[in-house]
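Here's the structure, in structure tokens; my notes come after.
Here it is as structure tokens:
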């Protein structure tokens, strides 16, 4: 295929993305409104969209002079937060908690009385939220009362993506850099020498490794990324040391005097890199709020640097004055006095912001490596900053429009990820989105109002990583092939089925079992097998629809369905999982080394008692466990029906995530008769498990209550 036929029209691409993003945002807003309006706080919490029974434990001034509320569990409940799906960076609403029998709540009504903000920090016993300043007066009314926190659609991220797409839509072809031209197939990537196998001249000199223990595939990927002029993809299957490879790459780039912007779709992905870069004493700044309270992360965050650096000291006195005002609000019951304090705060904030902006500019300008989330790279701190290279970690989990937020400030990109694991979560059904071209002369049009001005068949699930691989082929990619996580047997099926049989288990991990843990574990049938398949075939373990149990009228049915995504559960399977966990713990395996994952939220609800019985055990959805690992992982597949319906189990990328989380023990619980009817991949997996796993059949009589 010639380059011309594969090339993408940039304005049409941008217009298409704008339409898709708008549909996605509207879908999120509608879903949030429907859920908050028609679902009890307790149900929202179970679905991971809210946290209830909180009180404001403290109030302080954060970055940008914003009020930060610390929310902790009400003293009447336990000291720890319940399981929830709130993450750092989420947009949330903090409001007075309605009584259980409260009538239908409108989001607008809640917003009027509550305060919208961003989650800046998560701890086991508290959540910090930076409140939007126009509603910070509402924060004062929460003192002493019980509040709840609800996740909202993240309009800030959409705004950043939209601004970037509008810029691209309006760019003239003369403005396209050589880099942009390659990323849209208007030019070919500059060829990279075929023989990079030796530590030859790459970039500006011989590669001297900071970490000589890197394996050959990691070294090859780094040489390739250094030698590439415009774009390099690093394909990192599970456990292959992708982040480890990126750290070496960043250090090599800094050594070559390049300025690097490092981004990822989530705070966790970025913090992981900050944590590993920190010991190397490179000047780094982390924009945004660190997700964890790790000193190595905190000390490089802008929040701390603006207080501790030389430039930051001049900001400190204003901040102290603001904190004093914040404290006095709590003591003031008089409305007029309170209003006067908010007036003073407003003035102080202006002065604070001006000083802080100058301080931030000094700090960011002096940093060789700047780290931010993808949308965080669109903040004021990086306005007009230019970078030699943008490194995007977890690029296969990010929307392409999100990637372009930092990419427009770069001359070259290195994207790392695994397109064979889950793509970003998309709520709108893209196929049904009607992309209407703008009429001529209307705002946002470029005069081209015909049907060719949008690209049909495009989906937000197609990531930059996917598109570039399709556009330029494997010549722009290098794959990491040695994995350091899994027992060889756990690795075998995904390697053969998805990774062209190229994965090799490192010597240190290929034979390790639960009985070999560095503490005492008994040698039992459960601790000496790397892969166990508990097959429930025979129909004794039928699945249930969540709404079958919970719904009486149609309206409630619709709400429950949208909340749990027509979620399924399987009580007998949950009992089998609990039984297996009990056996592992009895054999000496620590609960914190065990995780139970399942594709269905309703099943997580049935498994919740495990948290009380075995403190430290982790429960999670497959989607939420991407990027994680545990010594032992039990996967509950849930589906069991006479029709052979498997729902989204048929998505092989989801199953790939599930089966590649464990280090020493993978236990799969499911009905092979149902699952194998879900397509070729699932049929192959069931065959493989039957032939290679320790296969166990059960009957309902053998299950402990």
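Numbering (the working numbering), first residue to last: 118 to 822. Where a beta carbon is used, it is the ideal one built from N, C-alpha and C, also for glycine.
Residue i and residue j closer than 8 Å at C-beta
i: residue 724; j: residue 694; result: yes
i: residue 529; j: residue 347; result: yes
i: residue 527; j: residue 378; result: yes
i: residue 127; j: residue 288; result: yes
i: residue 741; j: residue 490; result: no
i: residue 149; j: residue 269; result: yes
i: residue 623; j: residue 580; result: no
i: residue 188; j: residue 264; result: yes
i: residue 582; j: residue 512; result: yes
i: residue 282; j: residue 492; result: no
i: residue 585; j: residue 774; result: no
i: residue 752; j: residue 717; result: no
i: residue 231; j: residue 211; result: yes
i: residue 349; j: residue 486; result: no
i: residue 387; j: residue 401; result: no
i: residue 399; j: residue 375; result: no
i: residue 588; j: residue 123; result: yes
i: residue 439; j: residue 178; result: yes
i: residue 801; j: residue 614; result: yes
i: residue 700; j: residue 660; result: no
i: residue 789; j: residue 656; result: no
i: residue 173; j: residue 186; result: yes
i: residue 272; j: residue 208; result: yes
i: residue 712; j: residue 737; result: yes
Unbroken alpha helix (DSSP H) run spanning residue i, endpoints
i: residue 497; result: Looking at the DSSP string, residue 497 is not in any alpha helix (DSSP H), and its letter there is neither H nor E.
i: residue 136; result: 127-155
i: residue 461; result: 452-482
i: residue 604; result: Per DSSP, residue 604 belongs to no alpha helix (DSSP H) and is neither H nor E.
i: residue 190; result: Residue 190 -> not in any alpha helix (DSSP H); beta strand (DSSP E) instead, spanning 184-190.
i: residue 370; result: 359-372
i: residue 340; result: 333-344
i: residue 587; result: 581-589
i: residue 573; result: Looking at the DSSP string, residue 573 is not in any alpha helix (DSSP H), and its letter there is neither H nor E.
i: residue 299; result: 295-300
Residue range of the unbroken beta strand (DSSP E) whose run includes residue i
i: residue 652; result: 648-652
i: residue 811; result: 811-814
i: residue 417; result: First-last for residue 417: undefined, no H or E at that position.
i: residue 161; result: Premise fails: residue 161 lies in the alpha helix (DSSP H), 158-163, not in any beta strand (DSSP E).
i: residue 738; result: 735-738
i: residue 623; result: First-last for residue 623: undefined, no H or E at that position.
i: residue 712; result: 711-715
Local conformation of residue i per DSSP, three classes
i: residue 81; result: It is not possible to answer for residue 81, since the shown part of the chain is limited to 118 through 822.
i: residue 616; result: coil
i: residue 274; result: helix
i: residue 173; result: strand
i: residue 439; result: helix
i: residue 397; result: helix
i: residue 797; result: helix
i: residue 667; result: Caution is warranted here: a pLDDT of 44 is assigned to residue 667, below 50, making its placement in the model unreliable, and the coordinate value is therefore given only provisionally. If DSSP states are grouped into helix, strand and coil, residue 667 belongs with the helices.
i: residue 330; result: coil
i: residue 509; result: strand
i: residue 178; result: strand
i: residue 758; result: coil
i: residue 769; result: helix
Beta-ladder partner(s) of residue i, from DSSP
i: residue 662; result: 685
i: residue 504; result: 527
i: residue 753; result: 786
i: residue 234; result: 209, 248
i: residue 779; result: 747
i: residue 594; result: 350
i: residue 520; result: Answer is none; residue 520 lacks a bridge partner.
i: residue 265; result: 212
i: residue 489; result: 380
i: residue 239; result: 244
i: residue 402; result: 487
Cutoff 8 Å: residue i Cβ touching any chain D Cβ
i: residue 130; result: The structure shown contains no chain D, having only a single protein chain.
Residue i Cβ short of 7 Å to the ligand MG heavy atom set
i: residue 352; result: Because no ligand of any kind appears in the structure shown, any question about the ligand MG cannot be addressed here.
Do the stretch 793-811 and the stretch 642-655 make contact, defined as three or more Cβ pairs closer than 8 Å? yes
Is it true that the stretch 773-790 meets the stretch 601-620, where meeting means three or more beta-carbon pairs spaced less than 8 Å apart? yes
Taking 8 Å as the cut-off, does the stretch 763-771 touch the stretch 729-738 (at least 3 CB pairs, one atom from each stretch)? no
Tell me, please, whether the stretch 692-707 touches the stretch 628-637 by the rule of three or more beta-carbon pairs shorter than 8 Å. yes
The stretch 330-348 / the stretch 589-599 touching (three or more Cβ pairs under 8 Å): yes
Does the stretch 473-482 come within contact of the stretch 351-368, defined as at least 3 CB pairs closer than 8 Å? no
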